[in-house]
Amino acid sequence: MLLVSVIPVVILTKFCFRLHLPVGYHGRASSVVISGTPVRRPVGQSRMVDDKPPVFGACKILDFELEMAFFVGPGNNQGEPIPVQKAHEHIFGMVIMNDWSARDIQKWEYVPLGPFLAKSFCTTISPWVVTMEALQPFMLANPAQDPQPLPYLRHSDPYSLNVDLEVAIK
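When we follow UniProt numbering, the leftmost residue of the sequence shown carries the number 1, and every step to the right adds one.
Given below as structure tokens:
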């Protein structure tokens, strides 16, 4: 899944472990719905002015990120990781995903807790799955990574996709 970090560069340099850890978010299946399902505006705490106390209310800055998400199966035993060299045996296919975010709530809760209510209220996905076999013509060689991943994350299988995505809003 393509993810964009919202951590300021100043914090990234302070917490250099982020250069080595794979980043991903674990969401609840109950918040994943098919595209076209109405999205309920979330409520939570936000602080729009730094020298004022936080307020509770409906989100005022709502957006989404266009992403590609992958269905993984058939599963593994709890606590038993899937080696990266066997990932292709577990990835079924890809859907288009909209990762919804309440940015004003996220700004307030992100440090020190990370995204919680700001990103847990809705994720929309396409009603169809593109199989990995159908994506093969769009696979590219792996880009060079700096710093190089730790050995357990290294592999030579191509995993980058050259796919153009766009959003149209009514």
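Glycine included, every Cβ here is placed at the ideal spot set by N, Cα and C.
Closest in alpha carbon position to VAL95, among PRO42, THR131, TYR159, is THR131.
With contacts defined by Cβ atoms closer than 9 Å, ASP104 and LYS60 form a contacting pair. Counting only runs of at least 4 residues, the UniProt domain "Fumarylacetoacetase-like C-terminal" (22-137) fully encloses the following alpha helix (DSSP H) elements, listed from N- to C-terminal order: 103-113, 132-135. Within the DSSP secondary-structure output, LEU140 pairs in a beta bridge with SER160.
Under the criterion of beta carbons closer than 8 Å, ALA141 and PRO158 qualify as touching, at roughly 5 Å. Closest in C-alpha terms to VAL84, from the list LEU161, LEU165, LEU150, comes LEU150. Looking at ARG40, ILE34, SER35, the one whose alpha-carbon comes closest to that of LYS119 is ARG40. Taking all protein chains in view, the Cβ of GLY44 is crowded by 16 or more other Cβ atoms within 10 Å, so the residue is classified as buried.
In this structure, LEU62 places its C-beta atom within 9 Å of the C-beta atom of TRP100. Under the three-state reduction of DSSP output, LEU150 falls in the coil class, being neither helix nor strand. The beta carbon of LEU165 sits closer than 6 Å to those of LEU66, all from its chain and outside the five residues before and after it, given in chain order. Inclusion of PHE92 and VAL129 in the CB contact set at 9 Å is warranted, their separation being smaller than that value. Setting aside the 5 residues that flank it on each side, ASN76 is surrounded in the same chain by ILE82, each with a C-beta closer than 6 Å to its C-beta; the list follows chain order. Rounded to whole angstroms, MET68 and ASP146 show a C-alpha spacing of 23 Å.
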